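Everything on this sheet refers to the single structure shown next.
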Amino acid sequence: MMANEAQETYWSSPAGLKWIEHERALDAAMAGMLETMLDAADIAKPDRILDIGCGTGASTLAAARRAPDGESFGIDISRPLLERAEIRAREIGVENASFLLADAQTHPFPKGAFDILISRIGMSFFSDSVAAFENLTKALKAGGRMAFVCWAAVSENPWFLIPKKAAEDRLGPLHETEPTSPGPTAFQDIDHVAGLMKKAGLSNIRADRTEVMLTPPDGVRGAARAASRVGPAARIMKVYGGDEADETAIEECVRGEFMPFDRDGDVRVPAVINLFTCST
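Going by this note's numbering, the first residue of the sequence shown is number 62, and it counts up by one from there.
This is the structure:
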(Lines of atoms letter the chains of each structure in order from A; the text may use other names.)
(Lines give C-alpha, C1' and ligand atoms only; values in the text may rest on other atoms or scores of the structure.)
Protein backbone atom coordinates (compact mmCIF):
# COMPACT_ATOMS: atom_id res chain seq x y z
CA MET A 62 0.00 0.00 0.00
CA MET A 63 1.29 3.47 -0.90
CA ALA A 64 0.35 6.64 0.99
CA ASN A 65 2.70 9.04 -0.79
CA GLU A 66 1.85 8.79 -4.49
CA ALA A 67 2.68 12.45 -5.12
CA GLN A 68 6.21 11.92 -3.85
CA GLU A 69 6.63 8.82 -6.00
CA THR A 70 5.52 10.79 -9.04
CA TYR A 71 7.84 13.71 -8.33
CA TRP A 72 10.97 11.69 -7.54
CA SER A 73 10.50 9.63 -10.68
CA SER A 74 9.90 12.71 -12.86
CA PRO A 75 12.61 14.64 -14.78
CA ALA A 76 12.77 17.15 -11.90
CA GLY A 77 13.41 14.42 -9.33
CA LEU A 78 15.86 12.62 -11.58
CA LYS A 79 18.12 15.68 -11.58
CA TRP A 80 19.50 14.02 -8.43
CA ILE A 81 21.08 11.35 -10.63
CA GLU A 82 22.49 13.88 -13.07
CA HIS A 83 23.98 15.96 -10.24
CA GLU A 84 24.68 13.11 -7.84
CA ARG A 85 28.41 13.80 -7.51
CA ALA A 86 27.94 17.48 -6.75
CA LEU A 87 25.07 16.96 -4.33
CA ASP A 88 26.79 14.19 -2.39
CA ALA A 89 29.94 16.31 -2.09
CA ALA A 90 27.92 19.33 -1.00
CA MET A 91 26.15 17.38 1.74
CA ALA A 92 29.14 15.37 2.95
CA GLY A 93 29.35 17.30 6.22
CA MET A 94 25.64 16.85 6.83
CA LEU A 95 25.96 13.09 6.27
CA GLU A 96 28.93 12.76 8.62
CA THR A 97 27.10 14.72 11.31
CA MET A 98 24.18 12.31 11.12
CA LEU A 99 26.32 9.16 11.05
CA ASP A 100 28.34 10.32 14.04
CA ALA A 101 25.09 10.93 15.95
CA ALA A 102 23.86 7.44 15.01
CA ASP A 103 26.89 5.88 16.75
CA ILE A 104 26.89 2.87 14.44
CA ALA A 105 28.61 -0.30 15.68
CA LYS A 106 30.26 -2.86 13.38
CA PRO A 107 27.49 -5.51 13.61
CA ASP A 108 24.51 -3.13 13.39
CA ARG A 109 21.63 -3.57 10.98
CA ILE A 110 20.73 -0.13 9.65
CA LEU A 111 17.56 1.10 7.93
CA ASP A 112 18.08 4.18 5.73
CA ILE A 113 14.90 6.10 4.87
CA GLY A 114 14.67 8.00 1.57
CA CYS A 115 18.10 6.78 0.50
CA GLY A 116 17.91 8.19 -3.04
CA THR A 117 20.95 7.19 -5.07
CA GLY A 118 22.50 5.48 -2.06
CA ALA A 119 25.23 7.74 -0.65
CA SER A 120 23.94 7.48 2.93
CA THR A 121 23.25 3.74 2.71
CA LEU A 122 26.74 3.02 1.41
CA ALA A 123 28.42 5.28 3.98
CA ALA A 124 26.52 3.53 6.77
CA ALA A 125 27.50 0.13 5.37
CA ARG A 126 31.17 1.09 5.67
CA ARG A 127 30.64 1.84 9.37
CA ALA A 128 28.96 -1.53 9.94
CA PRO A 129 31.23 -4.01 8.13
CA ASP A 130 29.82 -6.94 10.10
CA GLY A 131 26.23 -5.78 9.75
CA GLU A 132 23.97 -4.61 6.94
CA SER A 133 22.74 -1.29 5.59
CA PHE A 134 19.29 -1.39 4.04
CA GLY A 135 18.13 1.57 1.93
CA ILE A 136 14.48 2.23 1.10
CA ASP A 137 13.12 4.79 -1.35
CA ILE A 138 9.95 5.50 -3.30
CA SER A 139 11.69 6.20 -6.63
CA ARG A 140 12.63 3.23 -8.81
CA PRO A 141 15.14 5.19 -10.98
CA LEU A 142 17.00 6.51 -7.93
CA LEU A 143 17.21 3.02 -6.42
CA GLU A 144 18.45 1.53 -9.68
CA ARG A 145 21.29 4.03 -9.58
CA ALA A 146 21.96 3.17 -5.91
CA GLU A 147 22.31 -0.52 -6.78
CA ILE A 148 24.76 0.32 -9.57
CA ARG A 149 26.86 2.41 -7.19
CA ALA A 150 27.01 -0.41 -4.64
CA ARG A 151 28.26 -2.83 -7.31
CA GLU A 152 30.75 -0.33 -8.71
CA ILE A 153 32.49 0.21 -5.38
CA GLY A 154 32.11 -3.38 -4.18
CA VAL A 155 29.95 -2.79 -1.11
CA GLU A 156 28.36 -6.17 -0.40
CA ASN A 157 26.55 -5.41 2.86
CA ALA A 158 24.13 -2.86 1.35
CA SER A 159 20.75 -3.65 -0.21
CA PHE A 160 17.81 -1.60 -1.44
CA LEU A 161 14.03 -1.78 -1.47
CA LEU A 162 11.45 0.08 -3.54
CA ALA A 163 8.59 0.88 -1.17
CA ASP A 164 6.72 3.56 0.76
CA ALA A 165 8.36 3.58 4.21
CA GLN A 166 5.19 5.05 5.77
CA THR A 167 3.20 1.90 5.07
CA HIS A 168 5.64 -0.90 4.19
CA PRO A 169 5.26 -3.95 6.47
CA PHE A 170 8.83 -4.19 7.76
CA PRO A 171 9.82 -7.28 9.74
CA LYS A 172 9.25 -6.43 13.39
CA GLY A 173 12.42 -5.56 15.30
CA ALA A 174 14.68 -6.27 12.33
CA PHE A 175 16.95 -3.23 12.66
CA ASP A 176 19.19 -1.67 15.29
CA ILE A 177 19.33 1.87 13.89
CA LEU A 178 17.28 4.07 11.58
CA ILE A 179 19.01 6.89 9.71
CA SER A 180 17.94 9.39 7.08
CA ARG A 181 19.72 12.18 5.25
CA ILE A 182 16.90 14.65 4.47
CA GLY A 183 14.41 11.86 3.76
CA MET A 184 12.05 12.03 6.74
CA SER A 185 10.18 15.25 5.98
CA PHE A 186 8.25 14.05 2.92
CA PHE A 187 5.61 11.80 4.47
CA SER A 188 1.92 12.62 4.16
CA ASP A 189 1.39 11.50 7.78
CA SER A 190 4.57 11.81 9.82
CA VAL A 191 3.13 10.27 12.98
CA ALA A 192 1.96 7.21 11.05
CA ALA A 193 5.39 6.97 9.43
CA PHE A 194 7.19 7.20 12.78
CA GLU A 195 4.88 4.56 14.25
CA ASN A 196 5.46 2.20 11.34
CA LEU A 197 9.22 2.71 11.36
CA THR A 198 9.38 2.18 15.12
CA LYS A 199 8.03 -1.34 14.58
CA ALA A 200 11.01 -2.06 12.33
CA LEU A 201 13.47 -1.28 15.15
CA LYS A 202 14.35 -3.65 17.95
CA ALA A 203 13.48 -2.70 21.52
CA GLY A 204 15.89 0.05 22.52
CA GLY A 205 16.72 0.77 18.90
CA ARG A 206 17.51 4.32 17.92
CA MET A 207 16.98 6.88 15.19
CA ALA A 208 19.27 9.62 13.92
CA PHE A 209 18.19 11.79 11.03
CA VAL A 210 18.84 15.24 9.60
CA CYS A 211 16.46 17.60 7.86
CA TRP A 212 16.74 21.11 6.45
CA ALA A 213 15.96 24.12 8.57
CA ALA A 214 13.99 26.99 6.99
CA VAL A 215 14.72 28.21 3.47
CA SER A 216 15.46 31.65 4.93
CA GLU A 217 18.40 30.15 6.86
CA ASN A 218 19.87 28.31 3.89
CA PRO A 219 21.40 30.26 0.99
CA TRP A 220 21.62 26.96 -0.92
CA PHE A 221 17.82 27.13 -1.20
CA LEU A 222 17.09 30.83 -0.77
CA ILE A 223 19.30 32.18 -3.56
CA PRO A 224 18.12 29.76 -6.31
CA LYS A 225 14.51 30.19 -5.17
CA LYS A 226 14.69 33.98 -5.52
CA ALA A 227 16.44 33.73 -8.88
CA ALA A 228 13.77 31.35 -10.22
CA GLU A 229 10.92 33.46 -8.84
CA ASP A 230 12.36 36.62 -10.40
CA ARG A 231 12.61 34.83 -13.73
CA LEU A 232 9.37 32.82 -13.78
CA GLY A 233 7.15 33.63 -10.82
CA PRO A 234 6.49 32.43 -7.26
CA LEU A 235 5.35 29.05 -6.11
CA HIS A 236 1.92 28.75 -4.54
CA GLU A 237 2.38 29.22 -0.80
CA THR A 238 1.88 26.07 1.26
CA GLU A 239 1.87 25.35 4.96
CA PRO A 240 5.42 25.25 6.39
CA THR A 241 4.77 21.70 7.60
CA SER A 242 3.53 20.40 4.23
CA PRO A 243 5.58 17.42 2.99
CA GLY A 244 8.81 18.62 1.43
CA PRO A 245 12.48 19.44 2.10
CA THR A 246 11.78 21.98 4.86
CA ALA A 247 8.68 20.45 6.45
CA PHE A 248 10.75 19.62 9.56
CA GLN A 249 12.13 23.14 10.00
CA ASP A 250 10.35 23.62 13.35
CA ILE A 251 12.21 21.33 15.73
CA ASP A 252 9.64 21.65 18.52
CA HIS A 253 6.84 20.65 16.15
CA VAL A 254 8.79 17.60 14.96
CA ALA A 255 9.72 16.58 18.50
CA GLY A 256 6.00 16.69 19.30
CA LEU A 257 5.25 14.36 16.39
CA MET A 258 7.93 11.96 17.57
CA LYS A 259 6.57 11.98 21.11
CA LYS A 260 3.05 11.37 19.80
CA ALA A 261 4.37 8.33 17.93
CA GLY A 262 5.70 6.90 21.20
CA LEU A 263 9.41 7.61 20.75
CA SER A 264 11.55 8.47 23.75
CA ASN A 265 14.86 10.16 24.63
CA ILE A 266 14.08 12.70 21.92
CA ARG A 267 16.72 15.28 21.17
CA ALA A 268 16.36 17.97 18.50
CA ASP A 269 19.26 20.30 17.73
CA ARG A 270 19.67 23.17 15.31
CA THR A 271 23.07 22.49 13.72
CA GLU A 272 25.28 24.62 11.51
CA VAL A 273 27.29 22.93 8.77
CA MET A 274 29.12 23.94 5.62
CA LEU A 275 28.00 22.67 2.22
CA THR A 276 31.05 21.83 0.12
CA PRO A 277 30.05 21.46 -3.54
CA PRO A 278 32.84 20.71 -6.04
CA ASP A 279 33.91 22.51 -9.23
CA GLY A 280 34.01 26.03 -7.87
CA VAL A 281 31.27 28.62 -7.91
CA ARG A 282 30.01 27.59 -11.33
CA GLY A 283 29.62 23.96 -10.28
CA ALA A 284 27.90 24.97 -7.05
CA ALA A 285 25.48 27.26 -8.89
CA ARG A 286 24.62 24.53 -11.36
CA ALA A 287 23.86 21.95 -8.66
CA ALA A 288 21.87 24.36 -6.47
CA SER A 289 19.77 25.68 -9.33
CA ARG A 290 18.94 22.30 -10.88
CA VAL A 291 17.36 20.78 -7.74
CA GLY A 292 15.31 22.10 -4.83
CA PRO A 293 13.03 25.16 -5.06
CA ALA A 294 14.40 26.35 -8.40
CA ALA A 295 13.70 22.97 -10.00
CA ARG A 296 10.18 22.97 -8.60
CA ILE A 297 9.52 26.45 -9.98
CA MET A 298 10.90 25.41 -13.36
CA LYS A 299 8.53 22.42 -13.37
CA VAL A 300 5.46 24.44 -12.36
CA TYR A 301 6.03 27.16 -14.99
CA GLY A 302 7.35 24.89 -17.72
CA GLY A 303 10.66 26.74 -17.86
CA ASP A 304 12.93 26.14 -20.84
CA GLU A 305 16.68 25.90 -21.33
CA ALA A 306 17.04 29.68 -21.55
CA ASP A 307 15.29 30.07 -18.20
CA GLU A 308 17.50 27.39 -16.66
CA THR A 309 20.64 29.13 -17.91
CA ALA A 310 19.50 32.55 -16.71
CA ILE A 311 18.67 31.23 -13.24
CA GLU A 312 22.00 29.45 -12.98
CA GLU A 313 23.94 32.58 -13.98
CA CYS A 314 22.11 34.63 -11.39
CA VAL A 315 22.89 32.06 -8.70
CA ARG A 316 26.53 31.99 -9.75
CA GLY A 317 26.84 35.71 -9.13
CA GLU A 318 25.18 35.45 -5.72
CA PHE A 319 27.41 32.53 -4.73
CA MET A 320 30.64 34.44 -5.38
CA PRO A 321 31.02 35.51 -1.70
CA PHE A 322 31.19 31.82 -0.75
CA ASP A 323 34.33 31.25 -2.83
CA ARG A 324 37.46 30.42 -0.85
CA ASP A 325 40.34 30.37 -3.32
CA GLY A 326 38.46 28.11 -5.69
CA ASP A 327 36.66 26.07 -3.05
CA VAL A 328 33.06 26.88 -2.23
CA ARG A 329 31.75 26.88 1.33
CA VAL A 330 28.04 27.61 1.66
CA PRO A 331 26.79 28.04 5.25
CA ALA A 332 23.77 25.91 6.05
CA VAL A 333 21.48 25.14 8.97
CA ILE A 334 20.07 21.66 9.47
CA ASN A 335 18.06 20.03 12.22
CA LEU A 336 19.50 16.90 13.81
CA PHE A 337 17.06 14.55 15.54
CA THR A 338 17.88 11.54 17.69
CA CYS A 339 15.63 9.29 19.75
CA SER A 340 15.09 5.71 20.84
CA THR A 341 12.24 3.21 20.78
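Think of the CB as a built atom: it goes at the ideal place given N, C-alpha and C, for glycine as much as any other residue.
Quick caveat, the model's predicted, so the values are computed rather than measured.
| Coil, strand or helix - Val273 by DSSP | Counted from its first residue, the sequence shown places residue 273 at position 212. Val273: strand per DSSP, three-state reduction.
| Using a Cβ-Cβ cut-off of 6 Å (strictly less than) and excluding sequence neighbours within five positions of Arg102, which residues of its own chain qualify? | Residue numbering aside, residue 102 sits at position 41 when the sequence shown is read from its first letter. Before going on, a small fix: residue 102 reads as Ala here, not Arg. Ile177, Ile179 and Ala208, listed in sequence order.
| query | Which residues in the same chain have their Cβ closer than 8 Å to the Cβ of Trp220, if we skip the five residues on either side of it in sequence? | reply | As a first step, residue 220 must be located in the sequence shown, where it is residue number 159. Hits under 8 Å: Ala90, Leu275, Ala288, Gly292, Val330 and Ala332.
| said: Looking only at its chain, what residues have a beta carbon closer than 6 Å to the beta carbon of Met62, apart from the 5 residues adjacent to it on each side? | reply: Residue 62 sits at position 1 when you count from the first residue of the sequence shown. Taken in chain order, the residues that qualify are Thr167.
| task | Determine the closest residue to Gly116 out of Glu312, Ala227, Arg85 and Met258, with distance taken between C-alpha atoms. | result | Stepping through the sequence shown from its first residue, residue 116 is reached at position 55. Of the candidates Glu312, Ala227, Arg85 and Met258, the one whose C-alpha sits nearest the C-alpha of Gly116 is Arg85.
| field | Thr341 to Pro277 span [Cα, whole Å] | value | Taking the first residue of the sequence shown as position 1, residue 341 is located at position 280. Taking the first residue of the sequence shown as position 1, residue 277 is located at position 216. If I take the Cα positions, the gap works out to 35 Å.
| field | Extent of the continuous alpha helix (DSSP H) run through Ile43 | value | The shown model of the chain, from 62 to 341, leaves out residue 43, and the question about it has no answer.
| task | Kindly list the residues whose CB is nearer than 6 Å to the CB of Glu195, restricted to its own chain and excluding five residues on each side of it in sequence; keep chain order. | result | To locate residue 195, count along the sequence shown from 1; it is residue 134. Shown here for Glu195: same chain residues with a beta carbon closer than 6 Å to its own, the five before and five after excluded, namely Ala261 in chain order.
| task | On the DSSP bridge assignment, give the partners of Ser340 in chain order. | result | Working through the sequence shown from its first residue, we reach residue 340 at position 279. Beta-bridge pairing by DSSP links Ser340 to Arg206 and Ser264.
| request: Compute the distance between the beta-carbons of Ala294 and Val315, then report whether it is under 9 Å. | output: On the sequence shown, position 233 is the one that residue 294 refers to. On the sequence shown, position 254 is the one that residue 315 refers to. Cβ atoms of Ala294 and Val315: closer than 9 Å.
| Do you know offhand how far Thr70's Cα is from Met94's? | Position 9 of the sequence shown holds residue 70. Position 33 of the sequence shown holds residue 94. When the Cα atoms are used, Thr70 and Met94 turn out to be separated by approximately 26 Å.
| said: Looking at the strands, I want to know which residues DSSP matches up with Asp304. | reply: Locating residue 304 in the sequence shown gives position 243, where the first residue counts as 1. Answer is none; Asp304 lacks a bridge partner.
| query | Roughly how far, in whole angstroms, is the beta-carbon of Arg200 from the beta-carbon of Leu111, given that I think they are within contact range, below 8 Å? | reply | For the purposes of this step, residue 200 is taken as residue 139 along the sequence shown, with counting starting at 1. For the purposes of this step, residue 111 is taken as residue 50 along the sequence shown, with counting starting at 1. Checking the sequence shown, residue 200 turns out to be Ala, not Arg. 6 Å between Cβ atoms; contact.
| request: Within the segment 186-230, note down every full alpha helix (DSSP H) run reaching 4 residues or more, in order along the chain. | output: Complete alpha helix (DSSP H) runs here, min 4: 190-200.
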